[in-house]
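Remarks on the structure that follows.
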Amino acid sequence: MDQAVQIKHAQTLRRLHHADDVLLLPNAWDAGSAALFADGGFGAIATTSGGVAWALGYQDGEQVPLQEVLSVVRRITHTVALPVTVDFESGYGTGPEQVAQAVRALIATGAVGVNLEDGMTGHGPQRGVQESAERIHAARQAAEQAGIALVINARIDNWMHPVDSPSAPLADALARAAAYRAAGADCLYPIGLSEKATIATFVREAGIPVNVMAGAGGMDLAGLRQIGVARVSTATRFATLALGTLRQAAQELLRSGSFDALAGDFSYRDAQQLFKAG
Numbered sequence: 001m002d003q004a005v006q007i008k009h010a011q012t013l014r015r016l017h018h019a020d021d022v023l024l025l026p027n028a029w030d031a032g033s034a035a036l037f038a039d040g041g042f043g044a045i046a047t048t049s050g051g052v053a054w055a056l057g058y059q060d061g062e063q064v065p066l067q068e069v070l071s072v073v074r075r076i077t078h079t080v081a082l083p084v085t086v087d088f089e090s091g092y093g094t095g096p097e098q099v100a101q102a103v104r105a106l107i108a109t110g111a112v113g114v115n116l117e118d119g120m121t122g123h124g125p126q127r128g129v130q131e132s133a134e135r136i137h138a139a140r141q142a143a144e145q146a147g148i149a150l151v152i153n154a155r156i157d158n159w160m161h162p163v164d165s166p167s168a169p170l171a172d173a174l175a176r177a178a179a180y181r182a183a184g185a186d187c188l189y190p191i192g193l194s195e196k197a198t199i200a201t202f203v204r205e206a207g208i209p210v211n212v213m214a215g216a217g218g219m220d221l222a223g224l225r226q227i228g229v230a231r232v233s234t235a236t237r238f239a240t241l242a243l244g245t246l247r248q249a250a251q252e253l254l255r256s257g258s259f260d261a262l263a264g265d266f267s268y269r270d271a272q273q274l275f276k277a278g
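Per my numbering, the very first residue in the sequence shown carries number 1; after that it's consecutive.
Written out as structure tokens, the structure reads:
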């Protein structure tokens with residue numbers, strides 16, 4: 001990707017975190033899903049580590065080799081003319097130097113945002129605050145050296161691993177938020193937090209934009225906007241929805257012998273149009 005274009009995309013993604021409207025990010029898993037989201041009118045695209053892993057034949061949890069992840073991201077940034085932010089799990093590095101190296105490789109694909117979680121590789125327990133902050137700082141330095149204002153979304157896993165801070169997950173999460181903000185994070189992602197009052201408190205204390213995860217039965221965009229949430233991502237929800245729809249149609253075909261389950265409102269022509277040159 002031309003660096004001037006990448007710089008512009010990074011500026012756009014950063015600006016969208018501070019707009020009046022909530023930044024709604026669909027999480028793609030390949031060039032096709034990304035093209036579909038771009039065609040639908042979204043202003044930026046995120047990836048889902050789970051969706052990418054499943055599409056490549058791996059389990060989620062940083063099981064996909066880094067080069068395969070980079071290849072998928074490169075195809076997505078080549079396909080959509082939108083800012084792309086990547087779910088980079090725990091950073092593909094045993095320490096800060098390795099995280100920086102991986103982030104430099106990610107920036108080279110054309111990505112302008114990165115999601116870094118403070119859980120250990122493979123959805124393990126949370127790292128210590130200082131160790132996690134050092135990894136974020138390494139990513140920030142790598143981005144500065146590359147000349148790209150990478151948007152770093154620091155995922156805080158307190159509500160994914162409540163055993164790590166059973167008595168006061170909010171207090172610990174806010175301490176982490178302060179450390180990650182100081183280390184260079186641009187956005188904070190308290191994944192798994194869904195209770196309205198606690199989200200509102202976290203947003204009020206965070207000091208930088210906050211990302212929450214969308215989910216059926218949860219708060220809608222209007223409600224999230226009202227309490228100050230800046231960014232909402234769909235995580236694996238679109239990927240599992242697609243797989244679930246395929247499973248239902250396949251099972252119906254096997255059960256009935258009828259091909260009626262193959263009917264739909266998205267055709268071969270529609271798919272071809274997503275990739276029409278120009």
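All C-beta atoms in this analysis are idealised placements derived from N, C-alpha and C, irrespective of residue type, glycine included.
Whole-angstrom distance between Y92 and A139, CA atom to CA atom: Taking the straight line from one Cα to the other gives about 11 Å.
Enclosing beta strand (DSSP E) for A231 [first to last residue]: Strictly speaking, residue 231 in this sequence is Arg, with Ala absent from that position. Start and end: 231-233.
Anticipated Cβ contact below 8 Å, F238 with P26, distance rounded: 6 Å
At least 3 beta-carbon pairs within less than 8 Å: the stretch 10-26 vs the stretch 63-74: no
Other residues of its chain near H9: CB distance less than 6 Å, five sequence neighbours each side excluded: P83, V112
Paired residues, beta bridge with E117 - DSSP: Answer by DSSP bridge pairing, in chain order: R155.
Residue burial classification, Q59 (beta-carbon count within 10 angstroms, cutoff 16): Counting Cβ neighbours within 10 Å, Q59 comes out exposed, since fewer than 16 surround it.
Assigned exposure category for D39 - 16 Cβ within 10 Å defines buried: exposed
8 Å Cβ cutoff met for A154 and L106: no
Coarse secondary structure for D21, derived from DSSP in three states: coil
Residues sharing a beta bridge with I45, DSSP: V84
C-alpha gap between H18 and H123, whole angstroms: 30 Å
Extent of the continuous alpha helix (DSSP H) to which L188 belongs: Not the alpha helix (DSSP H): L188 falls in the beta strand (DSSP E), residues 187-189.
Buried/exposed call for H78, threshold 16 Cβ in 10 Å: H78 is exposed by the Cβ-count criterion.
Pairwise C-alpha distance: R135 and G51: 24 Å
Option in Q273, L253, Q6, A249 with minimal Cα separation from T109: Q6
Whole-angstrom distance between S258 and V229, CA atom to CA atom: 46 Å
Separation of A146 from K2, as counted between CA atoms: The sequence given here has Asp at residue 2, not Lys. Rounded to whole angstroms, D2 to A146 spans 13 Å at the Cα level.
Assigned secondary structure, Q126 (DSSP; H/G/I helix, E/B strand, else coil): Strand, per DSSP.
Top-ranked residue by Cα proximity to D270, from S33, W29, W54: S33
Under the three-state DSSP convention, the category V112 falls into: coil
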